[in-house]
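Colleague:
Chains as they are written, first to last, in my numbering: chain A, 1 to 107; chain B, 1001 to 1166.
#1: When the Cα of residue 1056 of chain B is compared with those of B:1041, B:1136, B:1160, which residue comes out closest?
#2: Of all Cβ atoms in chain A, is any one closer than 8 Å to the Cβ of residue 1117 of chain B?
#3: List the endpoints of the continuous alpha helix (DSSP H) containing residue 956 of chain B.
#4: With DSSP run on the structure shown, which of helix, strand or coil describes residue 104 of chain A?
#5: Taking only heavy atoms of the ligand NAP into account, decide whether any of them is closer than 7 Å to the Cβ of residue 76 of chain A.
#6: Roughly how many angstroms separate the alpha carbons of residue 21 of chain A and residue 51 of chain A, rounded to a whole number?
#7: When you compare the region 1037–1052 of chain B with the region 1115–1135 of chain B, are there three or more beta-carbon pairs, one atom per stretch, that lie closer than 8 Å?
#8: Along the chain, where does the alpha helix (DSSP H) that runs through residue 89 of chain A open and close?
#9: Would a C-beta distance cut-off of 8 Å place residue 1071 of chain B and residue 1025 of chain B closer than the cut-off?
#10: Going along the chain, which residues of its own chain have a beta-carbon closer than 8 Å to the beta-carbon of residue 1064 of chain B, five neighbours each way excluded?
#11: Applying the criterion that 16 or more other CB atoms from any shown protein chain within 10 Å of the CB defines a buried residue, is residue 97 of chain A buried or exposed?
#12: Which first and last residues belong to the alpha helix (DSSP H) in which residue 28 of chain A is found?
#13: For residue 39 of chain A, decide whether its Cβ has a neighbour in chain B, counting only Cβ atoms nearer than 8 Å.
#14: Considering only the alpha carbon of each residue, which of A:91, A:23, A:86 lies closest to residue 43 of chain A?
#15: Exposed or buried, what is residue 1075 of chain B when buried is set at 16 or more other beta-carbons lying within 10 Å of its beta-carbon?
#16: If the cut-off is 9 Å on Cβ atoms, which residues from the region 11–25 of chain A count as contacting chain B, listed in chain order?
#17: Helix, strand or coil: how does DSSP classify residue 1047 of chain B here?
#18: In the DSSP output, which residue or residues are listed as bridge partners for residue 98 of chain A?
#19: So is residue 46 of chain A in contact with chain B if we call contact Cβ pairs under 8 Å?
#20: Give me the DSSP bridge partner(s) of residue 1147 of chain B.
#21: Counting C-beta neighbours from all protein chains within 10 Å, is the total for residue 1094 of chain B 16 or more, i.e. buried, or is it exposed?
#22: Have a look at residue 2 of chain A and residue 54 of chain A and give me their C-alpha separation to the nearest angstrom.
#23: Please tell me whether residue 1128 of chain B and residue 66 of chain A are closer than 8 Å, where the distance is taken between their beta carbons.
#24: Taking Cβ-Cβ distances shorter than 7 Å, what residues in chain B pair up with residue 55 of chain A?
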């Protein structure tokens, strides 16, 4: 571990930290929108890993990690749109965004 | 590791921490935008220009705005300020800390065997376009279908109930 620090290690550590922060937010907050924010942070941390491995791995010209990250961004956008639409609809129905109060699926 | 990396990484981590720690949900959304911007800068620092600008367009331009809209539309029923945390937040914190410990341990112990190509990748947007239209055309079509389905689904889910009943 006394070797000069690999640049990839720094990015992976930042991504792990962001993932842990997002997970802590998703697990500890009560507001459904803040749980979604935590999930977005976790997805972004995974994207950072993909891009970092693409940059420092062999054969960047094959674009594998880059494509993975781009598709992941697209899927995350779809997830955010549907998730926030659901939260708005639940709020309209039950007048709350408190996850502990959302204990029934039936209206 | 350059000083630029440390500054940008600190910015992203600070934004992420603020996004999950602040009590006011609007401030959380703004801090989330800061974290997204920091991540976009990290992508640019990694020579992934296309992904960096896609991150800015999609996350800062769309997802952050959507989050702000959702927060403002559901603002009337804010949970009281003293109960922003779930019933047993300690379990979540311990889980997150344990996962960070495991990930950090794994990264640090494998740092010698990680790949370390120093050559800057020579990839233009044209290469990305060719790859999307060639090798990755099937995933591209599937993502297009998914986005269409998500768009229609989100509109139907969020539609007013009176209109949906018609």
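Ideal Cβ placement from N, Cα and C applies to all residues, glycine included. Treat the numbers as computed from the prediction; the structure is a model and nothing was measured.
Modeller: On the basis of the supplied data:
#1: Residue numbering aside, residue 1056 of chain B sits at position 56 when the second chain is read from its first letter. The shortest Cα separation from residue 1056 of chain B among B:1041, B:1136, B:1160 belongs to B:1041.
#2: For this step, residue 1117 of chain B is matched to residue 117 along the second chain. For residue 1117 of chain B, the answer is yes, since a Cβ of chain A falls inside 8 Å of its Cβ.
#3: Shown here, chain B extends from 1001 to 1166; a query on residue 956 of chain B therefore has no answer.
#4: Looking up residue 104 of chain A in the first chain gives position 104. Looking at residue 104 of chain A - three-state DSSP - the assignment turns out to be coil, as it is neither helix nor strand.
#5: With respect to small molecules bound, the structure shown includes none, and the ligand NAP cannot be examined in it.
#6: Taking the first chain and counting its residues from 1, one reaches residue 21 of chain A at position 21. Taking the first chain and counting its residues from 1, one reaches residue 51 of chain A at position 51. Whole-angstrom Cα-Cα distance: 20 Å.
#7: yes
#8: By one-based count along the first chain, residue 89 of chain A stands at place 89. Per DSSP, residue 89 of chain A belongs to the alpha helix (DSSP H) from 64–94.
#9: Stepping through the second chain from its first residue, residue 1071 of chain B is reached at position 71. Stepping through the second chain from its first residue, residue 1025 of chain B is reached at position 25. Closer than 8 Å, so yes.
#10: Here residue 1064 of chain B corresponds to residue number 64 of the second chain, with the count starting at 1. Around residue 1064 of chain B: 1029, 1032, 1033, 1036.
#11: For the purposes of this step, residue 97 of chain A is taken as the residue at position 97 of the first chain. Classification of residue 97 of chain A: buried, given that the 10 Å Cβ count is 16 or more.
#12: Reading the first chain from its first residue, position 28 is the one you call residue 28 of chain A. Per DSSP, residue 28 of chain A belongs to the alpha helix (DSSP H) from 7–28.
#13: Within the first chain, residue 39 of chain A is the residue found at index 39, counting from 1. Taking Cβ atoms only, chain B never reaches closer than 8 Å to residue 39 of chain A, which makes this a no.
#14: The residue you call residue 43 of chain A lines up with position 43 of the first chain. Looking at the Cα atoms, A:23 is the closest of the given residues.
#15: Sequence index remark: in the second chain, residue 1075 of chain B carries index 75 (1-based). The residue in question, residue 1075 of chain B, is exposed, as its Cβ has fewer than 16 Cβ neighbours within 10 Å.
#16: 11, 12, 13, 14, 15, 16, 17, 18, 19, 20, 21, 22, 23, 24, 25
#17: Against the second chain, residue 1047 of chain B aligns to sequence position 47. Note: residue 1047 of chain B maps to coil in three-state DSSP.
#18: Here residue 98 of chain A refers to the residue found at position 98 of the first chain. Bridge partners of residue 98 of chain A: A:31.
#19: Along the first chain, read from residue 1 onward, the residue named residue 46 of chain A stands at position 46. Chain B, which has no Cβ nearer than 8 Å to the Cβ of residue 46 of chain A, makes this no.
#20: For the purposes of this step, residue 1147 of chain B is identified with residue 147 of the second chain, where counting begins at 1. Answer is none; residue 1147 of chain B lacks a bridge partner.
#21: Here residue 1094 of chain B corresponds to residue number 94 of the second chain, with the count starting at 1. It is exposed - the Cβ of residue 1094 of chain B has fewer than 16 other Cβ atoms within 10 Å.
#22: In the first chain, the residue the question calls residue 2 of chain A occupies position 2. In the first chain, the residue the question calls residue 54 of chain A occupies position 54. Since pLDDT at residue 2 of chain A reaches only 45, below the 50 mark, its modelled position is unreliable, and no value is offered.
#23: In the second chain, the residue the question calls residue 1128 of chain B occupies position 128. In the first chain, the residue the question calls residue 66 of chain A occupies position 66. Cβ distance < 8 Å, so residue 1128 of chain B and residue 66 of chain A count as in contact.
#24: Here the question's residue 55 of chain A lines up with position 55 in the first chain. Here the neighbours are 1046, 1047, 1048, 1121.
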